[in-house]
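Heads up, the thing below is written out as structure tokens.
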Amino acid sequence: MTSRLSNKIIIVTGGSGLLGMEIIKRLNSEGAICINFEINVNDSEDFLLINVDVTNEISVKQGVEKVFYKFGRIDGLVNNAYPRTKDWGKKFEDINFESWRKNIDWQLNSCFIMSQVVVKYMTEQKFGSIVNMASIYGVVGPNFSVYEDTEMTMPAAYSAIKGGLINFSRYLSSYLGKNQVRVNTVSPGGIFDQQPDSFVKKYEDIVPLKRMGFPEDISPAVAFLLSDDAKYITGQNLVVDGGWTAV
Numbered sequence: 001m002t003s004r005l006s007n008k009i010i011i012v013t014g015g016s017g018l019l020g021m022e023i024i025k026r027l028n029s030e031g032a033i034c035i036n037f038e039i040n041v042n043d044s045e046d047f048l049l050i051n052v053d054v055t056n057e058i059s060v061k062q063g064v065e066k067v068f069y070k071f072g073r074i075d076g077l078v079n080n081a082y083p084r085t086k087d088w089g090k091k092f093e094d095i096n097f098e099s100w101r102k103n104i105d106w107q108l109n110s111c112f113i114m115s116q117v118v119v120k121y122m123t124e125q126k127f128g129s130i131v132n133m134a135s136i137y138g139v140v141g142p143n144f145s146v147y148e149d150t151e152m153t154m155p156a157a158y159s160a161i162k163g164g165l166i167n168f169s170r171y172l173s174s175y176l177g178k179n180q181v182r183v184n185t186v187s188p189g190g191i192f193d194q195q196p197d198s199f200v201k202k203y204e205d206i207v208p209l210k211r212m213g214f215p216e217d218i219s220p221a222v223a224f225l226l227s228d229d230a231k232y233i234t235g236q237n238l239v240v241d242g243g244w245t246a247v
């Protein structure tokens, strides 16, 4: 494994989740020092795990201050956390408006406040890279046929959030470019997570590579965009989807 991220200080939100764990594993393997911002945990003595509620401005500011105090800089940020309400996943006609409002607030605004707080340090440094985790469903509409015969659906708020996040990243890339701060998104396709067999089969029948993705398919793209190999790439949405959006 290369060391292209050697000693880079990178914050990953939601680093204990399905994608987050693999992202941290990959970044560490390339030499990065990753700090996992996770909720309902105790801070570790080495500050590599910090209790942060990304939906809370004060918690975010305190967490980022701890990282800067400990390491003296922040080279990268991966906005990967996925906060959502307990009723997440209802069909469109059954979504409670307050639930819709709260999910939009938690997911999109957490990326805003994390970026705003971290960018303060990056602009002073005159370097930094932010990767926002979006989705194919921020690019194209869902194919609802894959959900037939299951209890699953694609939540309406998800597409709104991810589409907004992709264009917000373009805004930030334009605004922060003068400070040599790069902002990009990675949009994964469907990731296998023990979904019903009927869903998996339908998905794999459609996608050109004929399989669902795995977290280890996504993490190299994140590492690339954080690295100096991508030093002239900003404002881009890197779609990693086995060809789903190509057909």
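Residue 155 in my numbering sits at position 155 of the sequence shown, and the numbers go up by one each step. All C-beta atoms in this analysis are idealised placements derived from N, C-alpha and C, irrespective of residue type, glycine included.
For I206, the enclosing alpha helix (DSSP H) begins and ends at 197-206. If you look at E151, you'll find it isn't in any alpha helix (DSSP H); DSSP assigns it neither H nor E. Residue burial is scored here from C-beta neighbours: E30 has at least 16 other C-beta atoms within 10 angstroms and is therefore classed as buried.
Counting every other CB atom within 10 Å of its CB across the protein chains shown gives D229 a total below 16, marking it as exposed.
Runs of the alpha helix (DSSP H) lying entirely within the segment 85-173, each at least 4 residues long, are 97-125 in chain order. Here F37 is buried, its C-beta having at least 16 other C-beta atoms within 10 Å. Around the CB of G72, fewer than 16 other CB atoms lie within 10 Å, so the residue is classed as exposed.
Here V41 is exposed. Its C-beta has fewer than 16 other C-beta atoms within 10 Å. Contact between the segment 171-180 and the segment 118-127 is present: 3 or more CB-CB pairs across the two stretches fall below 8 Å.
Out of I9, F112, A32, D94, the CA that lies nearest to the CA of V67 is found in I9.
If you draw a straight line from the Cα of S198 to the Cα of K210, it comes to about 14 Å. Annotation: D46 to D75 spans about 18 Å, alpha carbon to alpha carbon.
In the same chain as N237, and ignoring 5 residues on each side of it, the C-beta atoms closer than 6 Å to its own belong to I166, T185, S187, in chain order. If only complete runs of 3 or more residues are kept, the segment 25-75 shows the beta strand (DSSP E) at 33-38, 49-51, in order along the chain. DSSP places S187 in the strand class (E or B) of the three-state scheme. About 18 Å separates the beta carbons of I191 and L27, which is beyond the 8 Å limit, so they are not a contact pair. Around the Cβ of I161, a 10 Å sphere holds 16 or more other Cβ atoms; the residue is buried. Taking the Cα positions, Y82 is about 7 Å away from G14.
In the three-state reduction of the DSSP assignment, G20 falls in the helix class. In this structure the segment 89-105 lies against the segment 146-164, because at least three pairs of beta carbons, one per stretch, are closer than 8 Å. Sixteen is the threshold: since fewer than 16 other Cβ atoms of the shown chains lie within 10 Å of the Cβ of N7, the residue is exposed.
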